[in-house]
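K.L.:
Chain order of the listed sequences is A and B. The opening residue of the first sequence carries number 1 in this note's numbering; numbering runs sequentially from there. The opening residue of the second sequence carries number 1 in this note's numbering; numbering runs sequentially from there. First, the structure itself, so that you have it in front of you.
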Amino acid sequence: MSKKKPSKKHALSTRIWHWINAISLIILFMSGLNISNAHRYLYWGNTGFDPADAWLNVIRFPGWATIPGRYDLAEARDWHALAAWPFALALLFMWIAMLMNRHFSHDITTSKAEWRPSFIWKDIIEHAKGNFHHDPVAGKYSFLQKLSYGLVLGIMLPLMIVTGLAISPGFEPAAPWLVDLLGGRQSARSIHFITAFSLLAFFIVHIVLVLITGPFRQIKDMIFGGKA
Amino acid sequence: MTSPFNRRTALAGLAALATGACSKVADSPTGRTLSKAAEGWHRRAHRKLASRQALAREYEKADISPDFKGNGTIRISEESYQAELEAGFSSWQLEVRGLVDNPMSLTMDDIRALPQRTQITRHDCVEGWSAIGEWTGPQLSEVLDAAKVQEGANFIIFRCADSFKQGAYYESVDMVDAYHPQTIIAHMLNGEAIPQKNGAPLRMRIERQLGYKHAKFLTAIEAVASLDDIGLGKGGYWEDHHGYQWYAGI
C-alpha cells in the first residue's frame, strides 16, 4: 500500500461514463423488453421458432416497463439500435480511462489477500450488518464492491455488446466464430437476455445500497466528484 | 463552487429522462433523424468490419429445420394466384424492368434454366426466431447482368403478389446486397418447389438481413435511382407503414 491515502473522489471520466451508461442502459433494457414481447420464447442452439422447443417462456412485459409504452417492435428497435452506440462507445471510453488513470488497478483489482475465505466472509457479515465502512486493506472499495464492479465492467456489459453483435445477421459474416463461441444465434439471444436480467439485479442492489448509504450525497458525488 | 440550482437542474434533467417522454422524442423530427442516423452507422460499421461480399454462414443438411415457419402472408386468397398455384405456376412471369437496357419477362422455366446456387442458410425474423433451410435459385446478379442495369441505378425493388391492409408488399436493397453472391431468386426450399406459406413460386434471399427483406411471391424486379417515388419512399411495405428500419442487418 502506498502511504498516500487513495483518493475517494470519483474521476471525471468515471462520472461521465456512469451517467451515459445509466441512461443508455435504461433505454436499452426497456426497449429490449418491448422487443422481447415480439417472440416470448428463448432457445439454445442456432435455431428456434417453435414454443415447444423453448427453454423459457418469457412473460409479456407490461407497457409501463417498456419503451415505447405500447407494443411497437419498429420503434423499440430504433431506440435499441440508437442507445447501443453511446452505451458501447462509453464503455470503451471508460475502459481506456480506467486503465490510464489506474482506477482499475488501484480500486477494482483485488489482491490475493482479499480472496481469503475469512476476509470475504467478514465482508459479507459487515455488509449484512449494514456496516459499509470498509476494511482499509481493501482500499476505496470493499471486496464485494470490487467483485461486482469488476464483473459488471469486465464481463456483463461487454457480454451485452458481444451477444448483441452476434444476433445481428449483418455483423455475423465479420465474425462467424463469435456466434459459434456463444453456441449459435439463439443461444446468443438467450445469453443476451440472461445477462440483461443479471444487470437488472445489479442495478436493484446498487440502487438499494445508494438509498441506504445516503442517496443525496452519493448522487451528488457521482455528479460533482465529491471530497478527495 | 456548486450552486444548489445547478444540482437541482441536473437532477431534474435525469428524472425527466428516467420517467420517459420517450415516445415524444421518437416522434420528433430530431428523434427520427437520430434513429435513421444510428441505422446508417450500424450498416456502415457492419460493412467495414466484414468485406462487402462476405458470406453469411452456410450450414449442413443435418442442420435444416424440420418445418420452415411461414410468417407474414402465408396464403394468398386471390383466384388468379390460386389458379397459378394449381397449375404449378406454368404461366407465372417475373418481370425485370426499370433502369435496365434490356427489360425481360422470365417464366419459371427461364429461371430454372439459369445457373443455380444452392445454399443452406439461417433465416432470422425481426421477431427473434430463426430457422434453417436450403434454398436454390439463380443469383440476382445473373439476372441483373442479363438485363444490363444502367449506370444511374442505386436500388433494386422487389414487387410481390401479396398485400396487407395498407397496400402491396414490396422490398428493396442497395447494389451491395443486390450483387452479393448469396442474393438469389429462390424457387426451391429443401429441394422442392417453395410452399405457399414460404412465398411460392419465387422468394428473394437477402442472407445478411432479417426476414422481412426476403420478399415472397415475387412478381417483378425493378432497378431505380432512388426510393423516394416508390410507395411512401422508405423502401418497403414495413418501412413505409410501420416504421421498420430499411437496413435490417441488426
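Every residue, glycine too, gets a C-beta built ideally from N, C-alpha and C. In this text, all values refer to a predicted model and were calculated from it rather than measured experimentally.
#1: Report the partner residues of residue 160 of chain B according to the DSSP bridge assignment.
#2: Name, in chain order, the residues that DSSP records as bridge partners for residue 48 of chain A.
#3: Distance check for residue 116 of chain B and residue 248 of chain B, CA to CA, integer angstroms please.
#4: Taking only beta carbons into account, state which residues of the region 144 to 169 of chain A come closer than 7 Å to chain B, listed in chain order.
#5: Name, going along the chain, the residues of the region 82 to 108 of chain B whose beta-carbon falls closer than 8 Å to a beta-carbon of chain A.
#6: Is there a C-beta anywhere in chain B that falls below 8 Å from the one on residue 46 of chain A?
#7: Distance check for residue 54 of chain A and residue 122 of chain B, CA to CA, integer angstroms please.
#8: Might you give, ordered along the chain, the residues of its own chain that have their beta carbon closer than 8 Å to the beta carbon of residue 105 of chain A, omitting 5 neighbours on each side?
#9: Label residue 178 of chain B either buried or exposed according to how many other C-beta atoms from any shown protein chain fall within 10 Å of its C-beta, with 16 as the threshold for buried.
#10: What does residue 38 of chain B reach in chain A if we use C-beta pairs closer than 8 Å?
#11: Quickly, what does DSSP pair residue 120 of chain B with across the bridge? List them, please.
#12: Can at least three beta-carbon pairs, one atom from the region 163 to 183 of chain B and one from the region 213 to 223 of chain B, be found at a separation below 8 Å?
#13: For residue 63 of chain B, which residues in chain A fall below 9 Å Cβ to Cβ?
#14: So, is residue 46 of chain B buried or exposed, given that buried needs 16 or more other C-beta atoms within 10 angstroms?
#15: Would you mind telling me which residues of chain A sit closer than 8 Å to residue 26 of chain B, beta carbon to beta carbon, in chain order?
#16: Is there a C-beta anywhere in chain B that falls below 8 Å from the one on residue 52 of chain A?
#17: Sort A/64, A/40 and A/87 by Cα distance to residue 56 of chain A and report the nearest one.
#18: Is there at least one Cβ from chain B nearer than 8 Å to residue 202 of chain A's Cβ?
#19: Thinking C-beta only, is residue 131 of chain B closer than 8 Å to residue 69 of chain B?
#20: In chain order, what residues of the same chain have a beta carbon less than 8 Å from the beta carbon of residue 88 of chain A, not counting five sequence neighbours either side?
#21: Taking only runs of the alpha helix (DSSP H) that begin and end inside the region 55 to 99 of chain B, which ones reach a length of at least 4 residues, in chain order?
#22: Got a sec: is the Cβ-Cβ distance from residue 29 of chain A to anything in chain B below 8 Å?
#23: For residue 175 of chain B and residue 147 of chain B, which I take to be in contact (beta-carbon distance under 8 Å), what is that distance rounded to the nearest angstrom?
#24: Say whether chain B places a C-beta atom closer than 8 Å to the C-beta of residue 176 of chain A.
#25: What does the alpha-carbon distance come out to for the pair residue 93 of chain B and residue 107 of chain B?
#26: Kindly indicate if chain A contains any beta-carbon less than 8 Å away from that of residue 69 of chain B.
#27: Can you say whether residue 123 of chain A is buried or exposed, counting buried as having 16 or more other CB atoms within 10 angstroms of its CB?
P.N.:
From the atom records:
#1: For this step, residue 160 of chain B is matched to residue 160 along the second sequence. Bridge partners of residue 160 of chain B: B/218.
#2: Reading the first sequence from its first residue, position 48 is the one you call residue 48 of chain A. By DSSP's assignment, residue 48 of chain A forms a beta bridge with B/130.
#3: One-based indexing of the second sequence puts residue 248 of chain B at position 248. One-based indexing of the second sequence puts residue 116 of chain B at position 116. Roughly 26 Å separates the two Cα atoms.
#4: Residues 168 and 169.
#5: Within the region 82 to 108 of chain B, no residue has a Cβ that lies closer than 8 Å to any Cβ of chain A.
#6: For the purposes of this step, residue 46 of chain A is taken as the residue at position 46 of the first sequence. At least one chain B Cβ lies under 8 Å of residue 46 of chain A.
#7: One-based indexing of the second sequence puts residue 122 of chain B at position 122. One-based indexing of the first sequence puts residue 54 of chain A at position 54. The straight-line gap from Cα to Cα measures roughly 18 Å.
#8: Along the first sequence, one-based indexing puts residue 105 of chain A at 105. The answer, listed in chain order, is 99.
#9: What you label residue 178 of chain B is simply residue 178 of the second sequence in a count that begins at 1. Label assigned to residue 178 of chain B: buried.
#10: Residue mapping note: residue 38 of chain B aligns to position 38 of the second sequence, counting from 1. Near residue 38 of chain B (Cβ distances below 8 Å), the residues of chain A are 78, 81, 82, 84 and 85.
#11: Looking up residue 120 of chain B in the second sequence gives position 120. Residue 120 of chain B is bridged to B/134.
#12: Three or more Cβ pairs drawn from the region 163 to 183 of chain B and the region 213 to 223 of chain B lie within less than 8 Å of each other, which places the two stretches in contact.
#13: What you label residue 63 of chain B is simply residue 63 of the second sequence in a count that begins at 1. Those are 46 and 47, listed as they occur along chain A.
#14: Taking the second sequence and counting its residues from 1, the one referred to as residue 46 of chain B is at position 46. Under this definition residue 46 of chain B is a buried residue.
#15: Here the question's residue 26 of chain B lines up with position 26 in the second sequence. Here the neighbours are 68, 75, 78 and 79.
#16: Locating residue 52 of chain A in the first sequence gives position 52, counting from the first residue. No, residue 52 of chain A lies away from the interface with chain B (no Cβ there is under 8 Å from its Cβ).
#17: Counting from 1 along the first sequence, the entry for residue 56 of chain A is found at position 56. Checking every option, the nearest Cα to that of residue 56 of chain A belongs to A/40.
#18: The count along the first sequence starts at 1 and reaches residue 202 of chain A at position 202. Chain B, which has no Cβ nearer than 8 Å to the Cβ of residue 202 of chain A, makes this no.
#19: In the second sequence, counting from the first residue as 1, residue 69 of chain B sits at position 69. In the second sequence, counting from the first residue as 1, residue 131 of chain B sits at position 131. Yes; because the gap between Cβ atoms is below 8 Å, this pair is in contact.
#20: The residue given as residue 88 of chain A occupies position 88 in the first sequence. Cβ neighbours of residue 88 of chain A beyond the five flanking positions: 161.
#21: 79 to 86
#22: Against the first sequence, residue 29 of chain A aligns to sequence position 29. No - not a single Cβ of chain B is within 8 Å of the one on residue 29 of chain A.
#23: Indexing the second sequence from 1 puts residue 175 of chain B at position 175. Indexing the second sequence from 1 puts residue 147 of chain B at position 147. So it is not a contact: roughly 14 Å between Cβ atoms.
#24: Counted from its first residue, the first sequence places residue 176 of chain A at position 176. Yes, residue 176 of chain A lies at the interface with chain B (some Cβ there is under 8 Å from its Cβ).
#25: The sequence position of residue 93 of chain B within the second sequence is 93, counting from 1. The sequence position of residue 107 of chain B within the second sequence is 107, counting from 1. Going from the Cα of residue 93 of chain B to the Cα of residue 107 of chain B covers about 5 Å.
#26: Here the question's residue 69 of chain B lines up with position 69 in the second sequence. At least one chain A Cβ lies under 8 Å of residue 69 of chain B.
#27: For this step, residue 123 of chain A is matched to residue 123 along the first sequence. By the beta-carbon neighbour count (other beta carbons within 10 angstroms, threshold 16), residue 123 of chain A is buried.
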